[in-house]
Amino acid sequence: MKSALELFARKGYHNTKISDVVKAAGVSQGTFYWYFEGKAQLAVRLIENGKAKLTQVIEQGYREHAGSVDDMVSSSARLLTDLFEFADQNRDLMAFLLIKGQGADPAIREAVSETWVAFEGAFKNNVNRAIELEMLPHFADVSLRVNILVSLITGVLTKWLFGPTHDVDYTSMYTPTQIAEETARFEFRGLLG
Numbered sequence: 023m024k025s026a027l028e029l030f031a032r033k034g035y036h037n038t039k040i041s042d043v044v045k046a047a048g049v050s051q052g053t054f055y056w057y058f059e060g061k062a063q064l065a066v067r068l069i070e071n072g073k074a075k076l077t078q079v080i081e082q083g084y085r086e087h088a089g090s091v092d093d094m095v096s097s098s099a100r101l102l103t104d105l106f107e108f109a110d111q112n113r114d115l116m117a118f119l120l121i122k123g124q125g126a127d128p129a130i131r132e133a134v135s136e137t138w139v140a141f142e143g144a145f146k147n148n149v150n151r152a153i154e155l156e157m158l159p160h161f162a163d164v165s166l167r168v169n170i171l172v173s174l175i176t177g178v179l180t181k182w183l184f185g186p187t188h189d190v191d192y193t194s195m196y197t198p199t200q201i202a203e204e205t206a207r208f209e210f211r212g213l214l215g
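Pasting the structure below:
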């Protein structure tokens, strides 16, 4: 499955053939069809597996106890560092979710969309918990604020991982920790720093 994900990330869903997948995996087409009905089922399974791992990273940021603003910034930086490290270690998954899976078949687009809905939901749970602990004020529209937060994070993540030209092999000049800390500071303090 790893070789299929790499092909989808680099060539795109439509440009990847089952013959490419079986060749890269070193299996026969018969073996492939024993496990999958077709390319779409394989892609959806890859996305679903990735979704579970991705949301697990976010859920680790769920707070047990209240803390100060500095503690929130520090905790957010740790969570984002874990997220950026996960993304860096799962670059092909992230390329498929953020770039290459967008123009795929409806079932693939739906699985990608469900991943980002779950991603946003995990962040929303964390924000709601911070509100319960009175670390954040009650917002009129938590969903809107979380949507803005997730847009910031996925935007930074995409540029950091793939650069301005969406190159899967791009290497940022910033480490996961550096970009996470700067993103966390911006998350809480905005342009004022």
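Mind the numbering: the sequence shown is residues 23 to 215 in the working numbering, read in order.
Using N, Cα and C, we set each Cβ at its ideal position, and we do this for glycine too.
Given the structure is predicted, the values throughout are model-derived calculations rather than measurements.
Between H188 and I121, how many whole angstroms is the CB-CB distance? I'm expecting something under 8 Å. Position 166 of the sequence shown, counted from the first residue, corresponds to residue 188. Position 99 of the sequence shown, counted from the first residue, corresponds to residue 121. The distance from the Cβ of H188 to that of I121 is about 5 Å, consistent with a contact at the 8 Å cut-off.
First and last residue of the uninterrupted alpha helix (DSSP H) at D114: The residue you call residue 114 lines up with position 92 of the sequence shown. Counting along the chain, D114 sits inside the alpha helix (DSSP H) bounded by residues 113-117.
What number of angstroms, rounded off, separates the C-alpha of V164 from the C-alpha of N150? Counting from 1 along the sequence shown, the entry for residue 164 is found at position 142. Counting from 1 along the sequence shown, the entry for residue 150 is found at position 128. Cα to Cα, the separation comes out at about 8 Å.
On the premise that L68 lies in contact with A26, defined as a C-beta separation below 8 Å, what is that separation, rounded to the nearest angstrom? Taking the first residue of the sequence shown as position 1, residue 26 is located at position 4. Taking the first residue of the sequence shown as position 1, residue 68 is located at position 46. So it is a contact: roughly 7 Å between Cβ atoms.
If you follow the alpha helix (DSSP H) that Y55 is part of, which residue opens it and which one closes it? Counting from 1 along the sequence shown, the entry for residue 55 is found at position 33. Residue range 51-57 is occupied by the alpha helix (DSSP H) that includes Y55.
Rounded Cβ spacing between V178 and T197 (contact assumed at less than 8 Å): If you number the sequence shown from 1, residue 178 lands on position 156. If you number the sequence shown from 1, residue 197 lands on position 175. Wrong, their Cβ atoms sit about 14 Å apart, outside the cutoff.
Distance between N169 and I175 (C-alpha atoms, nearest Å): Position 153 of the sequence shown, counting from 1, holds the residue named residue 175. Position 147 of the sequence shown, counting from 1, holds the residue named residue 169. Going by the C-alpha atoms only, they are around 10 Å apart.
Rounding to the nearest angstrom, what Cα-Cα distance links A62 and L155 in this structure? Translated into positions along the sequence shown, residue 62 becomes position 40. Translated into positions along the sequence shown, residue 155 becomes position 133. Going by the C-alpha atoms only, they are around 43 Å apart.
If the criterion is Cβ atoms closer than 7 Å, does the pair F145 and I80 meet it? Along the sequence shown, read from residue 1 onward, the residue named residue 145 stands at position 123. Along the sequence shown, read from residue 1 onward, the residue named residue 80 stands at position 58. Their beta carbons are under 7 Å apart, which means F145 touches I80 by this criterion.
For G123, the three-state DSSP class (helix, strand or coil): Counted from its first residue, the sequence shown places residue 123 at position 101. DSSP, read as helix, strand or coil, puts G123 in coil.
Does W56 pass the burial test, meaning 16 or more other C-beta atoms within 10 Å, or should it be called exposed? Residue 56 sits at position 34 when you count from the first residue of the sequence shown. So W56 ends up on the exposed side.
What separation, rounded to the nearest whole angstrom, lies between the Cα atoms of H36 and T137? Looking up residue 36 in the sequence shown gives position 14. Looking up residue 137 in the sequence shown gives position 115. When rounded, the separation of the alpha-carbon atoms in H36 and T137 is 20 Å.
Here's the rule I'm using: 16 or more other beta-carbon atoms within 10 Å means buried, otherwise exposed. How should M94 be labelled? Numbered from its first residue, the sequence shown carries residue 94 at position 72. With 16 or more other Cβ atoms within 10 Å, it is buried.
Can you tell me whether Q82 is helix, strand or coil according to DSSP? What you label residue 82 is simply residue 60 of the sequence shown in a count that begins at 1. In the structure shown, Q82 sits in coil (DSSP, three-state: anything other than H, G, I, E or B).
Whole angstroms is fine: what's the gap from S50's alpha carbon to S41's? Residue numbering aside, residue 50 sits at position 28 when the sequence shown is read from its first letter. Residue numbering aside, residue 41 sits at position 19 when the sequence shown is read from its first letter. Taken atom to atom, the span from the alpha-carbon of S50 to that of S41 is near 9 Å.
DSSP three-state call for K61: helix, strand or coil? Residue mapping note: residue 61 aligns to position 39 of the sequence shown, counting from 1. It is helical.
Quick check: the Cα distance between V190 and E28, rounded to an integer number of angstroms? Residue 190 sits at position 168 when you count from the first residue of the sequence shown. Residue 28 sits at position 6 when you count from the first residue of the sequence shown. Rounded to whole angstroms, V190 to E28 spans 10 Å at the Cα level.
Identify which residue in V44, G72, G83 has its Cα closest to the Cα of N147. Here the question's residue 147 lines up with position 125 in the sequence shown. The alpha carbon of N147 has as its nearest neighbour, out of V44, G72, G83, the alpha carbon of G83.
Are the Cβ atoms of M157 and A99 separated by less than 7 Å? Walking along the sequence shown from the start, residue 157 turns up at place 135. Walking along the sequence shown from the start, residue 99 turns up at place 77. 7 Å or more divides the Cβ of M157 from the Cβ of A99.
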